[in-house]
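Here the sequence shown stands for residues 1 to 1116, numbered as in full-length UniProt numbering.
Beta carbons: idealized from backbone N, C-alpha and C, even for Gly.
Below: the structure, in structure tokens.
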Amino acid sequence: MNSTSLFVATCLTIALSWQSTILGGEVAAKKAGNYHKLVEACPGLTWYLPLQSLDDVLAREGRVQGDQPQIVPGPDEGTALRFSGTTTLIFGPTPDLDTEEATIELWFRPEFTAPAQFNPCLIAKRESGDHRQTRWSIHVHGDYSGIDLWNGREVASYQPATGPLKPGQWYHLVVVSTKAGTTVYLNGVPCLPPRQNWQINRSEKNRSLNIGSSQPAGAEFFVGVICHVAVYSRALTEQEIAAHMDAMGFQAIRLAEQAKYEERRRAEAEEQARLEEAREKRRRELMEDPSLFARGVPTVYEKEHLSAVDLPVGGIGVGAIHMDGAARRHAWQIFGQVAYRFVPHSFFAVRVSGDNRTVERILQTIPEEGLPPMAEVRLVARYPLARYEFVDPEMPAQVALEAFNPFIPTNLRDSAIPCAVYRMTVTNPTKNRLSVTVLASQLNATGYRGDGTIEGVRHPSFGGNVNRVVRKEGSTWLMMGQSKSANSGDGLVLFMKGDRVHGVPAWTDLAQLRESIAKTAGQLDAKEVSAGPSPAGETLKGALWRSFDLEPGQTQTVTCVLTWFFSDLPAGTGKWSCRGRRYEAWWHGAEEVAAELDARLPELEAATRLYADSLYETNLPYWFVDRITSQVAILRSPTVFWCRDGYFGGWEGCNLDAGCCPGNCNHVWHYAQAHARLFPELGRLMREQEFRFQKEDGAIPHRQPDEFPAFDGQCGAVLNSYREHLLSRDSEWLAKNWTSIKRAMDYIIRRWDSDEDGVPSGPQWNTLDGELGGASSWLGSLYLAALAAAEKMAQLQGENDVAARYHRIRLSGQVKQDTMLFNGKYYIQIPDPEPHEDYGQGCAIDQVLGQWWAHQLDLGWVYPSEHVRTALASLFRYNFRGLMKGLPQKPRKFVADEDAGMQMFTWPPGTEPPEKVIRYASEVMTGFEYAAAAAMIQAGLVREGFTVVRAIALRYDGRKRVGLTPGNFTSWGYSGNPFGDDECGKFYARAMSSWSLLLACQGFIYDGPAQTIGFCPTWKPDDHVSFFTAAEGWGVFYQKREPGRQVDTIELRLGQLPLAKFITLPDNALPKHGECQKGGESIPVQVETDQGRVVCRLAQPIVLHAGEKVSFILTY
């Protein structure tokens, strides 16, 4: 402490001593009268209630709800009312208090026990029931940490500068709210404000005034003393507030706390400066990190990088079995539920004998069933393939467990098989022969529907369960069912490949299982053996195993496949629901599923591995490709379900025990790209479902089956439709759905752009769960992209007048929006005169969202390219934070303090948030970050885009981050899982926008009906390799530049690719000659230039088949 601080502290100590001496004397006697006179003489006073007795309540025509308050001594020589926790004083309605500006003042002494189960309310203008019917509500935080304000939309927490409140102590509270913001004073000193600009809810009028609880019916009761309640129609000044406190005789306290406040603000300013310097340093480190662009090595998760792993295995829309970082199948979601449920007695184990010793291990690093675990494990995952490699000093063999299920782009049915494939590989690194037994145990969970915990083999849904072990040619099956559901086909099948596989239909303990294994040594057991039915409330557990010898250096792999089939499972909620899964339309039971897999596994596995190999053949960094592939795991999670009748349902994400936010929400799902690019059939199906619920006027419910339209979701429906057309083999789908698409586009124009100037206006509901008003580039650019897509489709349908109309509106909007909204650094919003949930001069993460879409669909620039680049550079500068420590994340914290991220909105120096600020402004969410990063890469800001993605990769690196916002509609309080990002729940659909990163890096152009494909790489155009998908096939693209020459090669790996036109980007020169070669033959080609790009037109279209390649050679 310096000499000045010491002097101030000494003076304050003397003043406090002086106050305590004279409080009982003449000064104290005058306090009450002085305070009354000061308040009553204050300009703008509209309501004053001393609350020294119940007479004050009756004089204001108030009433008491609950117990009568007690009369106790007040902060002055007078009295006050004590609230016991069951009392509400109700006045109203009180329209005279509904002023544009307001100051609420009172004295209180809290006496509740902390921590309270709620935040006790001092005073509120609010009705019972719907919590949104609130003008303002003032609370003491339940742990005494501060003052909370509620306006029906959001909570703002104000922290006392001098530390938490204390029970039994008097406080002077003043809340001043103007259109510029809200300030809370405690004992005459401003509280530390929240980061958001909290406002009273001026749209809520004529509400009751409640004292002692938040609602007339009674809720969030206050325990303690309240008096001298005053409400003013203007903002009191700091000087007036100080005078009021001094008049009560609390000047010394105010001065002491003022000194503490100033000291804390100074310290905080220094800390923020230090943190800002650290943020900038970390941002530079991320940008300059050599690993940003290096190819690197395949990602390996080990040690603490396994703590958050949660990898779903299962077909699309059929449920999943999750594997954690211990290699344990820790969560089973195949029974129709979202909640994580564990199925016991279901594990893999290995026994290895040699060198006069035998070692048994369960194939996980957590003990179970009395079996010791492996010491360590490392995970290598190229999703959908996951390989767990175990390390144990006692284990003489090297053991690995691989898990996957068929995943084949463009083949939706074969990617939706209800199954999981497990391959245990054992290698003998010693110089001696090893004897090995690989075992798989499985509980018969038939009858279970995910309701509650399975205790051992017991659950109320069990009973009559039957197991059979059946030897078949090349495999042995453990077939698990239930007698009462035998006709439905319900059950599970576990089969192990190989000619010498043994099994037992039931086992009780390890000793019995070891005995069974010993008995089968060297011989085959009976062709079929069964067990059950089980008693009521119980089930059975069976096992399969295979024994073999390994010579030194030898390796053997044992393949196990688990299939499931459960009929009539529920999905969705309310009107948005169905029964049954799509697999019921293709098979009649788990045995039929197993039979197909037993026969087709080599084919399905080869195609799955070919996909993974092709995707990772790219020369993009491994970590970057992981971000693209890992979010495909969302299609394996309960975020999606595929109904028996063919309806494909998508939640937004997963809550702890249910889906999060229903209805294929189009303002979320229009960001997702992976599902439609990998499975064009699925994209078309989701569009057709959307049009099924379209209204006559063209409006599309943003949540199916029946909700109001969202501006961005409606635009997304048009853009998605053009994507679905481009990813089709011909124009049949567009012709069939054009009427619905046109109605959707016309609704947008009619509803939000009635003057057809290309600038939307009025309230626009959007993905941030609110209405944005006026003109913004975020929604405006999306509108322009939708117009461009609709124009293209209208031309294809021969409706040139319609196309001309869309063209005219688009051109007008491009000029007007850019002129209105570009401020020289970035694009802003110009709100409507009546505030909505706005961002005004803020820098928005989605400010050129329409450009992101336009580049994916080859629609050109929606704004001037140089303005877009400048805006995206500003977005990176202002919104990307190298560290999140010290920054707000409200209402939900998704990112740990030590991590980096890009915030949704920031207000650069010289700007302020608007009066009614947009929701989620300070949050960090990956689905938006991927889109913004891809837009940067599209615009040539490759380093900036990669840096944003690198920050996400580091946040989801397998290490578990805790201390995040808990509960539903959040990340559940933790994060870090590499396979499926968080937002409003786990495995959030928007994160599938990550696929756009691949499209941006390769500059992908595709038009299936026009038989056109093209690549204009932004990533390493001189030596580029990347994976691509088309309408009927997929493969790898290569581009190589040499002096005077460029070679572009398309190698198809699966399916077919009709090709009539190829588009590429030359290296700053126009080619003098072009040729096309396929299979050693030259194909005639015409070379043209179009807006700087080279177009190669084949004289005759060709069809590329799997294993074939075609090259285009340009010479300069």
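#1: Could you tell me the distance, in whole angstroms, from the CA atom of Ala326 to the CA atom of Val377?
#2: Any idea what DSSP makes of Thr437, helix, strand or coil?
#3: Roughly how many angstroms separate the alpha carbons of Met686 and Ser637, rounded to a whole number?
#4: Which residue from Ser530, Glu220, Leu719, Ala1010 puts its Cα closest to that of Pro740?
#5: Just tell me which of Gln258, Arg328, Arg581 has its CA closest to the CA of Leu306.
#6: Identify the residues that DSSP records as bridge partners of His1024: which are they?
#7: Jot down the residue ranges of each uninterrupted beta strand (DSSP E) in the region 1036-1095, minimum 3 residues, whole runs only, in chain order.
#8: Could you round the C-beta distance between residue 1128 and Ser53 to whole angstroms and report it? I think they count as a contact, below 8 Å.
#9: Using three-state DSSP, classify Val39 as helix, strand or coil.
#10: Report all residues from its chain with a CB closer than 8 Å to the CB of Glu707; omit the five preceding and five following residues, and keep chain order.
#11: Would you say Thr1012 and Ala1060 are within 9 Å of each other, going by their C-beta atoms?
#12: Helix, strand or coil for Trp150? Go by DSSP, reduced to three states.
#13: Determine, using beta-carbon pairs with one atom in the region 581-591 and one in the region 393-409, whether at least three such pairs fall under 8 Å.
#14: Compute the distance between the beta-carbons of Val39 and Glu101, then report whether it is under 9 Å.
#15: Using 8 Å as the Cβ pair cut-off and three pairs as the minimum, do the region 255-275 and the region 926-944 touch?
#16: How is the alpha helix (DSSP H) around Gln795 delimited, first residue to last?
#17: I need the DSSP call for His667, collapsed to helix, strand or coil.
#18: Rounded to whole angstroms, what is the Cα-Cα separation between Leu1098 and Phe1062?
#19: State the Cα-Cα distance for the pair Gly537 and Ser488, rounded to the nearest angstrom.
#20: In the DSSP assignment, find the alpha helix (DSSP H) that holds Glu105 and state where it starts and stops.
#21: Compare the beta carbon distance of Gly447 and His345 with 9 Å and say whether it is the shorter of the two.
#22: Let's see if you can read the secondary structure: which residues bound the beta strand (DSSP E) around Ala124?
#23: By Cβ distance, which residues of its chain are closer than 8 Å to Ser1082, with the 5 residues on each side in sequence left out?
#24: For the beta strand (DSSP E) containing Val64, name the first residue and the last one.
#25: Is the distance from the Cβ of Ala349 to the Cβ of Ser214 below 9 Å?
#26: Do the CB positions of Ala420 and Leu311 come within less than 9 Å of each other?
#27: Quick one: what does DSSP say Ser488 is sitting in, helix, strand or coil?
#28: If distances are taken between C-alpha atoms only, which option among Ala161, His807, Ile334, His228 comes closest to Arg266?
#29: In this structure, what does DSSP give as the bridge partners for Pro167?
#30: Ordered along the chain, which non-local residues of its own chain (more than five positions away) have a Cβ less than 6 Å from that of Phe979?
#31: How many angstroms separate the CA atom of Leu615 from the CA atom of Val184?
#32: Gly491: which of Glu596, Ile334, Pro1084 sits nearest, CA to CA?
#33: Measure from the alpha carbon of Gly1008 to the alpha carbon of each residue in Ile918, Ala269, Gln889, Arg677, then state which is nearest.
#34: Three or more C-beta pairs closer than 8 Å, one from the region 293-303 and one from the region 363-382: is that the case here?
#35: Helix, strand or coil for Pro602, going by three-state DSSP, please let me know.
#36: Any idea if Arg135 is buried or exposed, counting beta-carbon neighbours within 10 angstroms, 16 or more meaning buried?
In brief:
#1: Counted from its first residue, the sequence shown places residue 326 at position 326. Counted from its first residue, the sequence shown places residue 377 at position 377. One C-alpha to the other measures close to 7 Å.
#2: What you label residue 437 is simply residue 437 of the sequence shown in a count that begins at 1. Three-state DSSP puts Thr437 in a strand.
#3: Within the sequence shown, the letter at position 686 stands for residue 686. Within the sequence shown, the letter at position 637 stands for residue 637. Each residue's Cα considered, the two are about 17 Å apart.
#4: What you label residue 740 is simply residue 740 of the sequence shown in a count that begins at 1. The sequence shown places Ser at residue 740, not Pro. Nearest C-alpha to Ser740: Leu719.
#5: In the sequence shown, counting from the first residue as 1, residue 306 sits at position 306. Of Gln258, Arg328, Arg581, the residue nearest in Cα terms is Arg328.
#6: If you number the sequence shown from 1, residue 1024 lands on position 1024. His1024 pairs with Gln1039.
#7: Listed in chain order, the beta strand (DSSP E) elements of length 3 or more contained wholly in the region 1036-1095 are 1045-1064, 1073-1078, 1081-1083, 1085-1090.
#8: With the chain running from 1 to 1116 in the structure shown, residue 1128 is simply not present.
#9: Reading the sequence shown from its first residue, position 39 is the one you call residue 39. Looking at Val39 - three-state DSSP - the assignment turns out to be helix.
#10: Your numbering for residue 707 matches position 707 in the sequence shown. Hits under 8 Å: Gly663, Pro701.
#11: In the sequence shown, the residue the question calls residue 1012 occupies position 1012. In the sequence shown, the residue the question calls residue 1060 occupies position 1060. For Thr1012 and Ala1060, yes; Cβs fall inside 9 Å.
#12: In the sequence shown, the residue the question calls residue 150 occupies position 150. Correct three-state label for Trp150: strand.
#13: Cβ pair count under 8 Å is below three, so no.
#14: Position 39 of the sequence shown, counted from the first residue, corresponds to residue 39. Position 101 of the sequence shown, counted from the first residue, corresponds to residue 101. The answer is no: Cβ separation not under 9 Å.
#15: Touching, no, given that fewer than three Cβ pairs across the two stretches are closer than 8 Å.
#16: For the purposes of this step, residue 795 is taken as the residue at position 795 of the sequence shown. Residues 777-796.
#17: Sequence index remark: in the sequence shown, residue 667 carries index 667 (1-based). His667: helix per DSSP, three-state reduction.
#18: Indexing the sequence shown from 1 puts residue 1098 at position 1098. Indexing the sequence shown from 1 puts residue 1062 at position 1062. Those two C-alpha atoms are separated by around 8 Å.
#19: Residue mapping note: residue 537 aligns to position 537 of the sequence shown, counting from 1. Residue mapping note: residue 488 aligns to position 488 of the sequence shown, counting from 1. Rounded to the nearest angstrom, the gap between the Cα atoms of Gly537 and Ser488 is 20 Å.
#20: Within the sequence shown, residue 105 is the residue found at index 105, counting from 1. Per DSSP, Glu105 belongs to no alpha helix (DSSP H); it is in the beta strand (DSSP E), 102-110.
#21: If you number the sequence shown from 1, residue 447 lands on position 447. If you number the sequence shown from 1, residue 345 lands on position 345. Taking 9 Å as the Cβ cut-off, Gly447 and His345 do not qualify as a contacting pair.
#22: If you number the sequence shown from 1, residue 124 lands on position 124. First-last of the beta strand (DSSP E) with Ala124: 121-126.
#23: The residue labelled residue 1082 in the question sits at position 1082 within the sequence shown. Within the same chain, and ignoring the five residues on either side of Ser1082 in sequence, the residues whose Cβ sits closer than 8 Å to its Cβ are Glu1075, Cys1076.
#24: The sequence position of residue 64 within the sequence shown is 64, counting from 1. In this chain, the beta strand (DSSP E) harbouring Val64 covers 63-65.
#25: Position 349 of the sequence shown, counted from the start, is the residue given in the question as residue 349. Position 214 of the sequence shown, counted from the start, is the residue given in the question as residue 214. No, Cβ-Cβ distance for Ala349 and Ser214 is not below 9 Å.
#26: In the sequence shown, residue 420 corresponds to position 420, counting from 1. In the sequence shown, residue 311 corresponds to position 311, counting from 1. At the C-beta level, Ala420 and Leu311 stay beyond 9 Å of one another.
#27: Counting from 1 along the sequence shown, the entry for residue 488 is found at position 488. Helix at Ser488.
#28: Here residue 266 refers to the residue found at position 266 when the sequence shown is read from its first residue. Closest by C-alpha distance to Arg266, out of Ala161, His807, Ile334, His228, is Ala161.
#29: One-based indexing of the sequence shown puts residue 167 at position 167. For Pro167, DSSP records no beta bridge to any residue.
#30: Looking up residue 979 in the sequence shown gives position 979. Within its own chain, the residues whose Cβ lies closer than 6 Å to the Cβ of Phe979, once the five positions on either side in sequence are excluded, are Leu311, Ser630, Ala633, listed in chain order.
#31: As a working note, residue 615 is residue 615 in the sequence shown. As a working note, residue 184 is residue 184 in the sequence shown. So the alpha carbons of these two residues sit roughly 56 Å apart.
#32: One-based indexing of the sequence shown puts residue 491 at position 491. For the residues Glu596, Ile334, Pro1084, the minimum Cα distance to Gly491 belongs to Ile334.
#33: Counting from 1 along the sequence shown, the entry for residue 1008 is found at position 1008. For the residues Ile918, Ala269, Gln889, Arg677, the minimum Cα distance to Gly1008 belongs to Arg677.
#34: Short answer: they touch.
#35: Taking the sequence shown and counting its residues from 1, one reaches residue 602 at position 602. Three-state result, Pro602: helix.
#36: For the purposes of this step, residue 135 is taken as residue 135 along the sequence shown, with counting starting at 1. Its Cβ being crowded by 16 or more others within 10 Å, Arg135 is buried.
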